[in-house]
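Its first residue numbered 228, the sequence shown is counted upward by one per residue in this note's numbering.
Every residue, glycine too, gets a C-beta built ideally from N, C-alpha and C.
Values in this document were obtained by computation on a predicted structure and should not be read as measured data.
Read the structure below first, then the notes.
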Amino acid sequence: LRGRKNLQRCYETALRGAGSTETIRLDVSVTVSPSGNVTEAKAAGQGLPGMSECIERTVRMWRFPDAGESTQTKFPVVFQPGG
Numbered sequence: 228l229r230g231r232k233n234l235q236r237c238y239e240t241a242l243r244g245a246g247s248t249e250t251i252r253l254d255v256s257v258t259v260s261p262s263g264n265v266t267e268a269k270a271a272g273q274g275l276p277g278m279s280e281c282i283e284r285t286v287r288m289w290r291f292p293d294a295g296e297s298t299q300t301k302f303p304v305v306f307q308p309g310g
């Protein structure tokens, strides 16, 4: 996943703020327009403060190939300290 590095940055920033070392899993739901733009992104799960918002902002900037129709997908993202 090309944008994975940016998601990791959201985790590392939240980790510093929270002083936590836990592994975190979030499920990200994405709606992609026919032209490949992300029209909606929602992160669900037990994230650190501010983390879900950062991930949603980051995923909204992603571009996907033209699909000809609107599509929805969901994928898990697991973050671990030092990952």
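Note down the Cα distance separating MET278 from PHE302, rounded to an integer number of angstroms. Residue 278 sits at position 51 when you count from the first residue of the sequence shown. Residue 302 sits at position 75 when you count from the first residue of the sequence shown. Rounded to the nearest angstrom, the two C-alpha atoms are 16 Å apart.
With a 10 Å radius around its C-beta and 16 neighbouring C-beta atoms as the bar for buried, classify GLY274 as buried or exposed. Translated into positions along the sequence shown, residue 274 becomes position 47. By the neighbour-count rule (16 or more Cβ atoms within 10 Å), GLY274 is buried.
Relative to the alpha-carbon of PRO261, which residue among GLN307, ALA271, VAL305 and PHE291 has its alpha-carbon at the smallest distance? Reading the sequence shown from its first residue, position 34 is the one you call residue 261. When C-alpha distances from PRO261 are compared across GLN307, ALA271, VAL305 and PHE291, the shortest belongs to PHE291.
Below 6 Å CB to CB, which residues in the same chain sit around TYR238 once its five sequence neighbours on both sides are set aside? One-based indexing of the sequence shown puts residue 238 at position 11. Closer than 6 Å at the Cβ level, and outside the excluded window around TYR238, lie PHE306.
If distances are taken between C-alpha atoms only, which option among ASN233, ARG236 and THR300 comes closest to GLU267? Residue 267 sits at position 40 when you count from the first residue of the sequence shown. Among ASN233, ARG236 and THR300, the Cα nearest to that of GLU267 belongs to THR300.
Whole-angstrom Cβ separation of PRO276 and GLY244, contact assumed at under 8 Å? Indexing the sequence shown from 1 puts residue 276 at position 49. Indexing the sequence shown from 1 puts residue 244 at position 17. PRO276 to GLY244, Cβ: 7 Å. Contact.
Where does GLU283 fall in DSSP's three states? As a first step, residue 283 must be located in the sequence shown, where it is residue number 56. Helix, per DSSP.
Outcome for THR285 when other beta-carbon atoms lying within 10 angstroms are tallied against a minimum of 16: Taking the sequence shown and counting its residues from 1, one reaches residue 285 at position 58. Buried is the call here.
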